[in-house]
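In what follows, a single structure is set out as structure tokens and then discussed.
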Amino acid sequence: MQFRTGIGQPLCAKLFQQQRIAAFHLVVTPLIGSVNGAFGCCDGRILRACIPRLVLLMPQFKVGPVQRFQRRLQAGVAELDEILVMPARGPRIVKPKNARYIQSVCGKHIKYHTHKTFLSALAGAILAAMKTHEEASGEMILCISTYEKGQALLRELACLRCRVVLLTVDKLHDADWPREALHELHTMPSGMTQEQITNTVTYLARTRKFARILALDEFDMEVVAGLREHMRVPGMGTTTTQYFRDKLAMRTKAAHLGVRVPEFTSVVNYDDLRVYMENVPAPWLLKPRSEASAIGIRKLHGAEQVWRALDELCDRQSYFLLERFVPGDIFHVDGIVADSKVVFAAVHQYGQPPMQVMHEGGVFTTRAVTRHSREDREMKTIHASLVIGLGLVRGVTHTEFIRSHETGEFYFLETAARVGGAFIADVIEHTYGINPWVEWARLEVAAMRGQPYVLPPIRNDYAGSVLCLARVPEPDTSHYDAVEIVYRMQKHHHAGLIVRSADADRVAELLDSYSQRFLEEFCASQPVPDKPTA
2 MQFRTGIGQP LCAKLFQQQR IAAFHLVVTP LIGSVNGAFG CCDGRILRAC IPRLVLLMPQ
62 FKVGPVQRFQ RRLQAGVAEL DEILVMPARG PRIVKPKNAR YIQSVCGKHI KYHTHKTFLS
122 ALAGAILAAM KTHEEASGEM ILCISTYEKG QALLRELACL RCRVVLLTVD KLHDADWPRE
182 ALHELHTMPS GMTQEQITNT VTYLARTRKF ARILALDEFD MEVVAGLREH MRVPGMGTTT
242 TQYFRDKLAM RTKAAHLGVR VPEFTSVVNY DDLRVYMENV PAPWLLKPRS EASAIGIRKL
302 HGAEQVWRAL DELCDRQSYF LLERFVPGDI FHVDGIVADS KVVFAAVHQY GQPPMQVMHE
362 GGVFTTRAVT RHSREDREMK TIHASLVIGL GLVRGVTHTE FIRSHETGEF YFLETAARVG
422 GAFIADVIEH TYGINPWVEW ARLEVAAMRG QPYVLPPIRN DYAGSVLCLA RVPEPDTSHY
482 DAVEIVYRMQ KHHHAGLIVR SADADRVAEL LDSYSQRFLE EFCASQPVPD KPTA
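Using the working numbering, read the sequence shown as starting at 2 and increasing by one per residue.
Put into structure tokens, the structure is as follows:
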């Protein structure tokens with residue numbers, strides 16, 4: 002909690018006693034003496050959204066300063082419930098000589114208070130406004146996540162005057178969730194079945210009406226799709242969800258759409274497998290159909306290795322596919338889809354392939370490609386035809402392609418209807434000035450309210466990130482001092498930076514230099530996890 006004046010403490014104490022505000026940041030400006038447009042907390046827009054009719058605070062001042070801020074006053078008080086005026090000092094109520102002028106500008110009733118009565122009146126006005134808002138608040142949205150992520154989406158939903166209910170697992174109860182944005186927080190044990198989660202959510206729904214249900218993590222998408230269909234809540238159902246979760250389903254559909262994919266086969270019929278291995282040269286990749294990132298992928302160099310790997314999998318064989326390994330450069334396209342149309346797409350190129358970084362260790366980098374280059378044009382074209390062909394009506398996407406070293410052709414690897422991980426959302430925000438998490442929230446709310454989604458203005462810089470697992474718990478990157486550094490990652494046992502420039506070559510130069518230095522100074526490795534850790 003932060004205060005710029007001493008008067009904030011008794012006010013906040015009263016609000017805390019009534020358990021209405023988790024954090025309160027009181028700011029009193031020298032001239033207008035307002036709580037900066039009334040008040041703010043953690044993210045000021047959230048509290049202002051929760052209390053749409055604000056309270057303007059004004060001390061004694063002369064007519065001149067008021068005239069200079071006349072436009073600000075007129076714009077700021079249109080929706081105010083009342084105006085509370087506190088004298089600059091002393092216990093007496095001193096009405097300013099220009100009270101009539103202020104009232105004519107504001108067109109509102111003005112209430113004057115001493116210091117003693119002012120705080121009580123302000124707290125009462127805030128609490129009354131919050132109660133009014135709670136009684137007539139916006140739609141309720143249920144967000145489900147078994148990993149700690151999506152804080153920007155939760156905040157934006159609150160800013161859009163939605164009541165946000167978060168359902169997460171017990172171990173994340175005390176995680177860094179934006180509590181000021183949450184209407185309710187519920188937890189459940191890890192590893193619950195679809196039926197158990199359905200029972201949990203429908204129990205909550207007995208006294209709550211959920212307008213939308215959102216999965217913040219890829220591993221919650223199928224559960225949430227089932228909930229939508231069970232409860233008849235609008236949104237992506239199980240069939241479409243499979244095209245963005247099941248690697249076999251998305252490849253089969255992509256090939257049908259005419260998108261180039263590496264030769265693949267399901268691991269179901271052994272005769273089909275033998276024909277495949279006879280006609281498609283090794284090496285091959287044995288991939289889980291519904292994992293994320295490079296988890297569970299194995300590179301196999303001959304038929305005997307394939308059969309031994311399948312013996313190990315036993316009855317889990319059919320949950321994998323076999324695909325030709327294509328050496329090449331990996332690209333990712335992160336998009337925004339509204340009303341079955343791609344309204345935004347950002348093309349980036351990885352340094353080392355993510356699978357190589359995960360399995361062999363090293364430094365992860367990604368950077369925005371030069372606009373209007375061949376890579377930029379082709380990736381956007383393929384991405385648009387693919388995600389729309391897969392049936393996405395609304396949402397965000399993260400899609401990966403590979404450019405073959407041998408032929409220079411682009412092949413589709415996989416896609417997901419989610420925000421990219423590894424700080425990719427932050428790179429996009431520093432490149433284009435928009436955050437995919439925030440735009441996803443705006444998309445959902447616009448559709449829910451029957452309004453068109455409007456993409457914000459786009460900035461056209463270039464940005465990239467360098468990230469690695471670090472040997473020390475809190476690595477120090479302060480000696481990296483390029484003026485292009487715009488973000489230093491704060492994550493336990495990780496070192497990371499984001500750089501931004503108007504010059505794409507400068508970003509590439511910095512990432513090449515920093516990735517080598519990270520490798521020498523920080524980089525650590527660990528065995529590939531069986532499942533995602535974040």
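Idealized CB from N, CA, C, for every residue including glycine.
Predicted model only: the values in this text are computed from it and were never measured.
For Thr-203, which residues of its own chain have a beta-carbon under 8 Å away from its beta-carbon, when the five flanking residues on both sides are left out? Taking the first residue of the sequence shown as position 1, residue 203 is located at position 202. His-231 and Met-232, listed in sequence order.
How about the region 156 to 164 and the region 436 to 453: do they share at least three Cβ pairs that are nearer than 8 Å? Touching, yes, given that three or more Cβ pairs across the two stretches are closer than 8 Å.
What separation, rounded to the nearest whole angstrom, lies between the Cα atoms of Asp-82 and Glu-185? Start at 1 with the first residue of the sequence shown, and residue 82 comes out as number 81. Start at 1 with the first residue of the sequence shown, and residue 185 comes out as number 184. With a pLDDT of 48 at Asp-82, under the threshold of 50, the modelled position of that residue is not reliable, and no figure is offered here.
Drop a sphere of 10 angstroms on the beta-carbon of Gln-195, count the other beta-carbons inside from all chains shown, and report buried for 16 or more, exposed for fewer. Your numbering for residue 195 matches position 194 in the sequence shown. Under a 10 Å Cβ-count criterion, Gln-195 is classified as exposed, with fewer than 16 other Cβ atoms of the shown protein chains found around its own Cβ.
I need the DSSP call for Tyr-320, collapsed to helix, strand or coil. Walking along the sequence shown from the start, residue 320 turns up at place 319. Three-state DSSP puts Tyr-320 in a helix.
Would DSSP call Met-232 helix, strand or coil? In the sequence shown, residue 232 corresponds to position 231, counting from 1. In this structure, Met-232 counts as helix in the three-state DSSP scheme.
Cβ-based neighbour list, Leu-173, same chain, cut-off 6 Å, excluding 5 preceding and 5 following: The count along the sequence shown starts at 1 and reaches residue 173 at position 172. These residues qualify, in order along the chain: Glu-149.
Measuring straight from C-alpha to C-alpha, what distance separates Val-327 and Ser-405? Taking the sequence shown and counting its residues from 1, the one referred to as residue 327 is at position 326. Taking the sequence shown and counting its residues from 1, the one referred to as residue 405 is at position 404. Straight-line spacing of the CA atoms in Val-327 and Ser-405 works out to 6 Å.
To which residues of the same chain is His-494 closer than 7 Å at the C-beta, ignoring the five residues directly before and after it? As a first step, residue 494 is located in the sequence shown; it is residue number 493 there, counting from the start. Contacts found: Leu-470, Ala-471 and Pro-474.
Length of the line joining the Cα atoms of Val-268 and Ala-347: As a first step, residue 268 must be located in the sequence shown, where it is residue number 267. As a first step, residue 347 must be located in the sequence shown, where it is residue number 346. Between the alpha carbons of Val-268 and Ala-347 lies a gap of roughly 34 Å.
Buried or exposed by the 16-neighbour rule on C-beta atoms within 10 Å, applied to Ile-22: Stepping through the sequence shown from its first residue, residue 22 is reached at position 21. Because the pLDDT of Ile-22 is 35, which lies under 50, any placement of that residue in the model is unreliable, and the question is left without a value.
For Phe-402: DSSP bridge partner residues: Against the sequence shown, residue 402 aligns to sequence position 401. Phe-332 and Phe-413.
Quick test of your reading: Ala-339 and Tyr-244, contact by CB under 8 Å. State the CB separation rounded to the nearest angstrom. On the sequence shown, position 338 is the one that residue 339 refers to. On the sequence shown, position 243 is the one that residue 244 refers to. Contact flag wrong, Cβ pair sits at about 18 Å.
Considering only the beta carbon of each residue, do Thr-432 and Ala-369 sit closer than 8 Å? Sequence index remark: in the sequence shown, residue 432 carries index 431 (1-based). Sequence index remark: in the sequence shown, residue 369 carries index 368 (1-based). Yes; because the gap between Cβ atoms is below 8 Å, this pair is in contact.
Could you tell me which residues DSSP pairs with Ala-369 in its beta bridges? Locating residue 369 in the sequence shown gives position 368, where the first residue counts as 1. Beta-bridge pairing by DSSP links Ala-369 to His-349.
Give, in chain order, every unbroken run of the beta strand (DSSP E) that is at least 3 residues long and sits entirely within the region 436 to 492. As far as the region 436 to 492 is concerned, its whole beta strand (DSSP E) runs of at least 3 residues are 463 to 470 and 486 to 489.
By alpha-carbon positions, which one of Arg-372, Thr-239, Gly-303 and Thr-199 ends up nearest to Tyr-463? Indexing the sequence shown from 1 puts residue 463 at position 462. The shortest C-alpha separation from Tyr-463 is found at Arg-372.
Counterpart residues of Pro-289 in DSSP-defined beta bridges: For the purposes of this step, residue 289 is identified with residue 288 of the sequence shown, where counting begins at 1. In the DSSP output, where bridge partners are listed per residue, Pro-289 has Phe-321.
Per DSSP, which residues does Phe-519 bridge with? Please list them. Start at 1 with the first residue of the sequence shown, and residue 519 comes out as number 518. Looking at the DSSP output, Phe-519 bridges to nothing.
In whole angstroms, give me the CA-to-CA distance for Lys-492 and Gln-353. Here residue 492 refers to the residue found at position 491 of the sequence shown. Here residue 353 refers to the residue found at position 352 of the sequence shown. One C-alpha to the other measures close to 21 Å.
Quick one, are the C-beta atoms of Ser-383 and Tyr-351 less than 8 Å apart? As a working note, residue 383 is residue 382 in the sequence shown. As a working note, residue 351 is residue 350 in the sequence shown. The displayed chain sequence assigns Ile, not Ser, to residue 383. Remark: C-beta atoms of Ile-383 and Tyr-351 do not approach each other more closely than 8 Å.
Could you tell me whether the Cβ atoms of Arg-299 and Leu-314 are closer together than 8 Å? Within the sequence shown, the letter at position 298 stands for residue 299. Within the sequence shown, the letter at position 313 stands for residue 314. Not a contact, by the Cβ cut-off of 8 Å.
For a test of your reading of the model: does the CB of Val-467 fall under 7 Å from any non-hydrogen atom of the ligand SAM? Yes or no. With respect to the ligand SAM, the structure shown offers nothing to examine, as it has no ligands at all.
Could you pull out every residue in the same chain whose Cβ sits closer than 8 Å to the Cβ of Leu-274, ignoring the five residues on either side in sequence? What you label residue 274 is simply residue 273 of the sequence shown in a count that begins at 1. Answer for Leu-274: Thr-266, Val-268, Val-307 and Leu-323, listed in chain order.
In its own chain, which residues sit with a C-beta less than 7 Å from the C-beta of Leu-511, not counting the 5 before and 5 after it? Taking the first residue of the sequence shown as 1, we reach residue 511 at position 510. Once the five neighbours on either side are set aside, the close Cβ partners of Leu-511 are Ala-483, Glu-485 and Val-500.
Taking the C-alpha atoms as reference points, what is the distance between Ser-386 and Val-397? One-based indexing of the sequence shown puts residue 386 at position 385. One-based indexing of the sequence shown puts residue 397 at position 396. Approximately 15 Å between the Cα atoms of the pair.
Using a Cβ-Cβ cut-off of 6 Å (strictly less than) and excluding sequence neighbours within five positions of Arg-49, which residues of its own chain qualify? Taking the sequence shown and counting its residues from 1, the one referred to as residue 49 is at position 48. Because the pLDDT of Arg-49 is 48, which lies under 50, any placement of that residue in the model is unreliable, and the question is left without a value.
When you compare only the Cα positions, how much space is there between Met-193 and Asp-171? On the sequence shown, residue 193 is found 192 positions in, with the first residue counted as 1. On the sequence shown, residue 171 is found 170 positions in, with the first residue counted as 1. Their Cα atoms are separated by approximately 11 Å.
So, under 8 Å CB-CB, Asn-237 and Ala-250 are touching, yes? Tell me the CB distance rounded to an integer number of Å. Position 236 of the sequence shown, counted from the first residue, corresponds to residue 237. Position 249 of the sequence shown, counted from the first residue, corresponds to residue 250. In the sequence as presented, Asn is not what sits at residue 237; that position holds Met. Not quite, the Cβ-Cβ distance comes to about 14 Å (not below 8 Å), so this is no contact.
What ranges does the beta strand (DSSP E) occupy inside the region 146 to 198, keeping only unbroken runs of at least 3 residues that lie completely in it? Listed in chain order, they are 164 to 170 and 185 to 189.
Can you name the start and end residues of the alpha helix (DSSP H) that Arg-252 belongs to? Here residue 252 refers to the residue found at position 251 of the sequence shown. First-last of the alpha helix (DSSP H) with Arg-252: 248 to 257.
Who are Leu-143's beta bridge partners in DSSP? Counting from 1 along the sequence shown, the entry for residue 143 is found at position 142. DSSP output for Leu-143 lists Val-166 and Ile-214 as bridge partner(s).
Strand pairing of Ile-298, partner residues [DSSP]: Working through the sequence shown from its first residue, we reach residue 298 at position 297. According to DSSP, which records beta bridges pairwise, Ile-298 is partnered with nothing at all.
Using CA coordinates, which residue listed in Ile-389, Val-439 and Asp-506 is at the minimum distance from Lys-254? Counting from one through the sequence shown, the residue named residue 254 turns up at place 253. The candidate whose alpha carbon is nearest that of Lys-254 is Ile-389.
Using the Cβ count rule (16 or more neighbours within 10 Å means buried), how would you classify Tyr-515? Here the question's residue 515 lines up with position 514 in the sequence shown. Tyr-515 comes out buried.
Look up Thr-266 in the DSSP assignment and say whether it is helix, strand or coil. The residue given as residue 266 occupies position 265 in the sequence shown. Thr-266 carries a strand assignment under DSSP once its states are collapsed to helix, strand and coil.
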